[in-house]
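The C-terminal residue of the sequence shown carries number 486 in the numbering used here, and the numbering is unbroken.
Virtual Cβ for every residue (Gly too), placed ideally from N, Cα, C.
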Amino acid sequence: MSHSPPDPAPDPAARDSAVPDAAVPDAAAAAEWATRAFVDHRELLFSVVYTMLGSVADTEDVLQETWLAWHTRSRASGGEPIANPRAYLVRVAVNGALARQTSISRRREEYVGPWLPEPIATAPDTGAADAADGVLRAESVSMALLVVLETLSPLERAVFVLHEVFGYSHPETAAALGRSTSAIRQLAHRAREHVHARRPRYEADSRVRRQVTERFIAAVTGGDIQALIQVLSPDVTLWADGGGKARAAGPRPVRGRERIARLIVGDAARHPIPGLTVRYQYVNGDPSAVLLSGGAVHAVVVLDLTADGTQVSGIYTVTNPDKLSHLG
């Protein structure tokens, strides 16, 4: 699945500058205006919804529903531009994502093994490789942070995404979600405390991340358990998402560096990847390793580091082929 390069992350103070409020003279011009307005905001909508859902397919479905609602509303307005297209589109998209949470929750309950967000190829801060890169430029929404966001209620997550990640004010967030400003403040406080308790605000240098990732992969592919133990923190956790369609570490996250080191090295020795090559690239804003078998994507490995950046505190591996097809 390909996406056009995104525009820079939006400035909340200039949210309505993309589309003028002038009247549209005829139906053709009205349709053109509506299409341009949606396209202008599509990358923002993708970023917001993906951060809420962690699924590209579900995000695209919500955006399609948003477009249909926008198109219908634009026609119903008789050619008159909607005064605040960004606010309208974000409101429809966010509420569409919330409505989808019920079916997503049912799927997660039936999911085999740990569930991880769908990885998305992104670029360093100096470039743009994918539609979701707008997420990373607003705030680095790493795989680790998305996993933490999964522990919030759907409404808390929506508030956190709009307010903490995309910089919406409490009144703007309240308008988008149809809640009072005081209720949004309470939700924002709970979500922020919850996230920060599990995900302190620090970010390792990207060069350090790349170096540690290369050391990790070298130890695994070289079968060097001791080298792998050295790069892992004592309380490291492994999340392996195979979705029941690919080999994974087990039905639950695995903890402890010696256990994880022996598990990973042993599995690599017993089940070598045919024609293995490693491609280092940015995934969800972090330097990561994409493992290829004969040129096809076999797995994505994203590492989370300790506060000092010297060891691995979290390992996120995705081998579910349904989540990797768009990375090819």
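Query, Result
"Exposure label - GLY400; buried when at least 16 CB within 10 Å", "buried"
"ALA406 (DSSP reduced to helix, strand or coil)", "coil"
"C-beta atoms of VAL214 and GLU276 nearer than 9 Å", "yes"
"In DSSP terms, what TRP397 is bridged to", "TYR474"
"Three-way DSSP call (helix, strand, coil) for TYR438 in this model", "strand"
"Any 3 or more C-beta pairs closer than 8 Å across the region 335-347 and the region 438-448", "no"
"CB contact flag (TYR474, ASP466, <9 Å)", "no"
"Buried or exposed (CB count within 10 angstroms, at least 16 for buried), PRO329", "exposed"
"LEU274 classed as buried or exposed, judged by whether at least 16 other C-beta atoms fall within 10 angstroms", "buried"
"Own chain residues within Cβ distance below 8 Å of ARG420, not counting five before or after", "ILE383"
"Length of the line joining the Cα atoms of ALA286 and ARG200", "At ALA286, the pLDDT of 41 sits below 50, so the modelled position is not reliable; the number obtained from the coordinates is stated separately. Their backbone Cα atoms lie some 15 Å apart in a straight line."
"Range of the contiguous beta strand (DSSP E) that encloses HIS456", "454-463"
"Simplified DSSP state of ASP216, which is helix, strand or coil", "helix"
"N-terminal and C-terminal residue of the beta strand (DSSP E) that ASP444 is part of", "444-451"
"Length of the line joining the Cα atoms of VAL306 and LEU386", "25 Å"
"Chain D within 9 Å of VAL370, Cβ atoms only", "Among the chains in the structure shown there is no chain D, since it carries only a single protein chain."
"C-alpha gap between ALA354 and ALA187, whole angstroms", "For clarity, residue 354 is His in the given sequence; the question names Ala instead. Between HIS354 and ALA187, the C-alpha separation is close to 47 Å."
"Best match in ILE278, VAL460, ALA279 and LEU203 for proximity to VAL319 [C-alpha to C-alpha]", "LEU203"
"Residue closest to ARG249, alpha-carbon to alpha-carbon, out of SER263, SER261, GLU372 and TRP228", "TRP228"
"Length of the line joining the Cα atoms of TYR326 and VAL470", "33 Å"
"Beta-carbon spacing of LEU256, LEU313 below 9 Å", "yes"
"Start-to-end residues for the alpha helix (DSSP H) that takes in GLU267", "243-268"
"8 Å contact criterion, which VAL458 and LEU482 should meet: CB distance rounded", "7 Å"
"Contact under 9 Å by Cβ, SER232 with ALA279", "no"
"Given ILE240 as reference, the closest of GLU322, TYR438, ARG265 and TRP191 once Cα atoms are compared", "TRP191"
"Residues bridged to VAL412 [DSSP beta-bridge criterion]", "LEU396"
"Closest by C-alpha distance to GLY271, when choosing among THR339, ALA406 and VAL299", "ALA406"
"Alpha carbon of PRO479 to alpha carbon of LEU335, nearest angstrom", "34 Å"
"Delimiting residues of the alpha helix (DSSP H) encompassing ASP198", "185-211"
"Close beta carbons around ARG373, own chain, < 8 Å, minus the five adjacent residues each side", "ALA385 and VAL389"
"Of the residues ARG315, THR395, ALA454 and PRO409, the one placed nearest GLU351, counting alpha carbons only", "ARG315"
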